[in-house]
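**Q**
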Amino acid sequence: MELSERQEQIIEIVKPNGPITGEKIAEQLGLTRATLRPDLAILTMAGYLEARPRVGYFFTGKTGSELLTENIKKMKVYEYQQVPVAVREDSSVYDAITTMFLEDVGTLFVVDEHSCLTGVLSRKDLLRASIGQQHLNEIPVHIIMTRMPNITVCRKNDPLIEAAQKLISRQIDGLPVVKDTEKGMEIIGRITKTSMTKALVELTLEDRY
Ligand code: ADP
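According to the numbering used here, the stretch in the sequence shown is residues 1 to 209, in order.
#1: Roughly how many angstroms lie between the CA atoms of Asp125 and Asp180, to the nearest whole one?
#2: In three-state DSSP terms, what is Leu205?
#3: If you measure between the beta carbons of Val77 and Leu203, is that distance less than 9 Å?
#4: With DSSP as the reference, label Lys193 as helix, strand or coil.
#5: Return helix, strand or coil for Ile151, following the three-state DSSP convention.
#6: State the Cα-Cα distance for the pair Arg88 and Gly61, rounded to the nearest angstrom.
#7: Going straight from the alpha carbon of Lys24 to that of Glu70, what length do you get?
#8: Excluding the 5 residues preceding and the 5 following Gln134 in the sequence, name in chain order all residues of the same chain whose CB lies nearer than 8 Å to its CB.
#9: Give the secondary structure of Asp180 by DSSP, where H, G and I count as helix, E and B as strand, and everything else as coil.
#10: Going by CA-CA distance only, name the one from Gly56, Ile191, Glu138 that's closest to Ala26.
#11: Which one of Arg6, Ser195, Val201 has the shortest CA to CA distance from Leu36?
#12: Return yes when the Cβ of Phe109 is within less than 9 Å of the Cβ of Pro84, no when it is not.
#13: If you draw a straight line from the alpha carbon of Asp39 to that of Leu200, how long is it in whole angstroms?
#14: Are Leu117 and Met75 closer than 9 Å when you measure CB to CB?
#15: Under DSSP, the beta strand (DSSP E) around Ala86 begins and ends at which residues?
#16: Along the chain, where does the alpha helix (DSSP H) containing Arg37 start, and where does it finish?
#17: Count Cβ pairs between the segment 6-16 and the segment 42-49 that sit closer than 8 Å; are there 3 or more?
#18: Look up Tyr80 in the DSSP assignment and say whether it is helix, strand or coil.
#19: Determine the closest residue to Ala34 out of Ile42, Gly22, Gln28, with distance taken between C-alpha atoms.
Encoded structure:
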């Protein structure tokens, strides 16, 4: 996060003088307390300053990169998950390919009759199954999918960075976001490398704070 000149000035005043009240900071800058309020709120939310009621503001001593790490760790899967696309186990490879094109996704999830997760289909799974095959309409996806219990999943309250680590360590493009039910895992979302790209871009936008 880029700090404004005034925010930098506030930090320089608080660093040696903390705890210091908002009023005192305003006095030193020749401004009113009301004018400073938004800057103090931003600096506190972003973690540069800490506010103690009736005591004043302290400098936390955290560097920009420590604060960035803290903010990354606060990002949750549910904030970035996308809509999942699923097909049934008895769908044909042909239908799965059509669904992948129509829905414009790179990973399809496969579900049973209770809508619970049983498998995953990637682009290359479908390409591999298609090479040299004439009758894609007759091959059900459950024959070629990666199946449970070998599916890597995440849950909506997991830190996004944990999901990113799973994508890297398993060398996969996407993860289902699941909710545990009596019948199995219900799919409620999808986390992909695109979700990670969006999160990275969002870190540079100030309105997250
Ligand atoms: P591609 O195969 O198109 O490169 P991926 O890298 O996502 O796409 O998939 C690699 C393999 O891992 C495929 O066989 C796929 O079925 C499997 N796979 C994809 N996502 C998962 C997941 N979440 N859990 C387990 N296996 C997965």
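The beta-carbon is built from N, C-alpha and C at its ideal position, and this holds for glycine as well.
**A** On the basis of the supplied data:
#1: 26 Å
#2: The answer is coil: DSSP assigns Leu205 none of H, G, I, E or B.
#3: no
#4: Residue state, collapsed to three classes: helix.
#5: Correct three-state label for Ile151: coil.
#6: 54 Å
#7: 29 Å
#8: none
#9: strand
#10: Gly56
#11: Arg6
#12: yes
#13: Spanning the two alpha carbons is a distance of roughly 24 Å.
#14: no
#15: 86-88
#16: 33-45
#17: yes
#18: helix
#19: Gly22
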